[in-house]
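Only one structure is covered here, and it is reproduced in the block below.
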Amino acid sequence: MKRPVQAALLLLSGLGLLQTALFSDLYLRYVKAGMKPLLIASGVVLLILGATQAWTAYRSAPRAGEHPPPRVAWLLFLPALSLLFYAPPSLGAYTAARETPRATAADVSDAAFDPLPATSPLPSTLGDFTHRVRQDRTKAIGKRTVLMTGFATPAAKGAGWDLTRLIINCCAADAQSVKVRMYGRPSPKPNTWVTVTGTWHPHGHLGTSSAEVALDVHTLKKVQRPTNSYMDALLPG
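All you need for the working numbering is the position in the sequence shown, starting with 1, plus 16.
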């Protein structure tokens, strides 16, 4: 591959990383927020390497042994151009429907759970609700109206649909899902972000692993996808 082409590829890749990480929040579709400084540093390094390669190509006479790059090599420009002009969508229902939900931690003693506040509806993450349903032997969550936010995913089997969050440890490639089955309301379109309120769907023995992690939905409201959607967190406000 000729040096000018190599330089152009490095420069485009560097510009794409900086565009994604420095001038927008698009990087949150691929990696967790803590990776931003590394992405910016990588973009700067790529720009320096590209500029160095371009300067070297300008100062050096053309080499007789250099040949135009094979056609397939031009495909290397597609990822770089996509960062500049087209951002692939975030992971969503398609991924979650094919991924095993995140396992619940081992049994936790009653003392590990703080008393629930009197707020109603009670804001809860999907993970916290899961732990309360299957591990809190005080059964405090049983008659409480809870409020949770996530995106709609078709149920892999059985009735209802799943309220879902995807969680990443590093990047989108290691995403794991947290799901709570929803009953009593028709499913929104897949990937629709919603806030729901409801009470635990009584199936199995609350406070044990036999309890179904499910909600009888009372209200449902569409909301905007959070900027950082790869977290099982409460919405601000």
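Ideal Cβ placement from N, Cα and C applies to all residues, glycine included.
Since the model is a prediction, treat every value here as computed from it, not as a measurement.
Buried or exposed: which applies to residue i, given that a residue is buried once 16 or more other Cβ atoms fall within 10 Å of its Cβ?
i, result
"residue 240", "exposed"
"residue 219", "exposed"
"residue 243", "exposed"
"residue 174", "exposed"
Once DSSP output is grouped into helix, strand and coil, what is the label at residue i?
i, result
"residue 260", "Examination of residue 260 is not possible in this model, given that the chain is present from 17 through 253 alone."
"residue 250", "coil"
"residue 210", "strand"
"residue 57", "helix"
"residue 23", "helix"
"residue 235", "strand"
"residue 68", "helix"
Kindly list the residues whose CB is nearer than 7 Å to the CB of residue i, restricted to its own chain and excluding five residues on each side of it in sequence; keep chain order.
i, result
"residue 250", "139 and 141"
"residue 73", "19, 20 and 23"
"residue 69", "19, 22, 23 and 26"
"residue 42", "36 and 103"
"residue 58", "33"
Ordered along the chain, which non-local residues of its own chain (more than five positions away) have a Cβ less than 6 Å from that of residue i?
i, result
"residue 248", "141, 142, 143, 181, 183 and 194"
Is the Cβ-Cβ distance between residue i and residue j less than 8 Å?
i, j, result
"residue 321", "residue 37", "What the structure shows of the chain is the stretch from 17 to 253, and residue 321 is not part of that stretch, so it cannot be assessed."
"residue 172", "residue 207", "no"
"residue 196", "residue 233", "no"
"residue 40", "residue 150", "no"
"residue 217", "residue 246", "no"
For residue i, which residues in the same chain have their Cβ closer than 8 Å to its Cβ, ignoring the five residues on either side in sequence?
i, result
"residue 67", "23 and 27"
"residue 205", "168"
"residue 170", "109, 113, 177, 178, 203 and 206"
_alpha helix (DSSP H) runs wholly inside the segment 139-201, at least 4 long, in chain order_ = 142-151
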